[in-house]
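Plus 3 on top of the position in the sequence shown (first one is 1) and you've got our numbering. All C-beta atoms in this analysis are idealised placements derived from N, C-alpha and C, irrespective of residue type, glycine included.
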Amino acid sequence: MSETAEEHEAHEELEPEVEVEELDPEVVAQRDAALSHVRKFGDPILKTKARPVKEFDEALRAEIERMSGLMNDALGIGLAANQVGVLNRVLVYRVHGQAPTAALVNPEIEWRSSEEEIAEEGCLSLPHVHVEVERPVHVRVSARDGFGDPIVVEASGLEARVIQHEIDHLDGVLILNRTSREQRKEAMRALRERQATLATG
Ligand code: ZN
4 MSETAEEHEA HEELEPEVEV EELDPEVVAQ RDAALSHVRK FGDPILKTKA RPVKEFDEAL
64 RAEIERMSGL MNDALGIGLA ANQVGVLNRV LVYRVHGQAP TAALVNPEIE WRSSEEEIAE
124 EGCLSLPHVH VEVERPVHVR VSARDGFGDP IVVEASGLEA RVIQHEIDHL DGVLILNRTS
184 REQRKEAMRA LRERQATLAT G
C-alpha cells in the first residue's frame, strides 16, 4: 500500500514524512528501482490467491528481508508477496517511519469491528490510482513470524487498514474491487491511459 495525501494529513503528527516534491534524486532513483520489481495492474498474479506457508526456514526469512527492503525503498507502507511475484501468504508493513518493519506469515483476521471508516488508499501495484475504501477501523489478526512463532496483532486506524489491504492482496483482491463503481471506472480509465502512454513511449 502507498501513502496518500489524505492519510498523510490525518497522520501528520505520527508520520513526519518528506513531501514527494522534496525527495532527494537518489531516493527517487532507489524508489523507481524498487518499483520496477513490483508487479503492476494487469499481471495475473495480483488476482491469484497465495498459498499458506509451511516451511519456516532461511528462504522464508530471506524473502521477508527482500520484501522489507523493496517496500522501504519504494516508500510504501505495506507490501504483499504476490506483488513481488511470490505466491506465499506473507506480508510486510511499516506504518510509522520510526517503527521496525513488521512481517506477518499466514495472517488471518480473527475479529473485525463493526465500526467502519472510509479513507483513500493507494497501491504500489496501481501507480497514480487513489480510491476510497471502506474498512473496519479495528481488527485482531493472528499470524506467524518468520520462525513460525505465533503472533497476535491488535490494530486500529491506518495500521488496521494496511493489514487488511495486504491480506486482500494475498486473496487476489485489489482496492479496485473494494471501491464504488464510479471510482473503479475512473481508476480503470486512468490505468488504461497510462498503459497506452507507456506503450507508445
Ligand atoms: Zn496494494
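Residue i - DSSP class collapsed to helix/strand/coil
{"i": "residue 112", "result": "strand"}
{"i": "residue 93", "result": "strand"}
{"i": "residue 81", "result": "strand"}
{"i": "residue 140", "result": "coil"}
{"i": "residue 168", "result": "helix"}
{"i": "residue 145", "result": "strand"}
{"i": "residue 158", "result": "strand"}
{"i": "residue 6", "result": "coil"}
{"i": "residue 188", "result": "helix"}
{"i": "residue 102", "result": "coil"}
{"i": "residue 28", "result": "helix"}
{"i": "residue 16", "result": "Confidence at residue 16 is low in this model, with a pLDDT of 40, below 50, so the placement of that residue should be treated as unreliable; the coordinate-derived value is given next. Reduced to three states, the DSSP call for residue 16 is coil."}
{"i": "residue 132", "result": "strand"}
{"i": "residue 177", "result": "coil"}
Pick from the options that is closest to residue i, judged by C-alpha positions
{"i": "residue 46", "options": "177, 196, 203 and 70", "result": "177"}
{"i": "residue 83", "options": "139, 137 and 48", "result": "48"}
{"i": "residue 105", "options": "117, 166 and 193", "result": "166"}
{"i": "residue 73", "options": "114, 125, 5 and 136", "result": "5"}
{"i": "residue 132", "options": "191, 113 and 181", "result": "191"}
{"i": "residue 44", "options": "164, 32 and 87", "result": "87"}
{"i": "residue 75", "options": "90, 30, 180 and 163", "result": "30"}
{"i": "residue 184", "options": "154, 135, 200 and 198", "result": "135"}
{"i": "residue 53", "options": "85, 124 and 36", "result": "85"}
{"i": "residue 79", "options": "58, 156, 41 and 116", "result": "41"}
{"i": "residue 62", "options": "144, 189 and 91", "result": "91"}
{"i": "residue 137", "options": "113, 127 and 164", "result": "164"}
{"i": "residue 116", "options": "71, 180, 159 and 174", "result": "159"}
{"i": "residue 161", "options": "123, 154 and 68", "result": "123"}
Residue i beta carbon near the ligand SAH (any heavy atom closer than 6 Å)
{"i": "residue 4", "result": "The ligand content of the structure shown is limited to the ligand ZN, which means the ligand SAH is not among them."}
Expected contact under 8 Å - CB spacing of residue i and residue j to nearest Å
{"i": "residue 64", "j": "residue 109", "result": "At roughly 15 Å, the Cβ-Cβ gap does not stay under 8 Å, so residue 64 and residue 109 are not in contact."}
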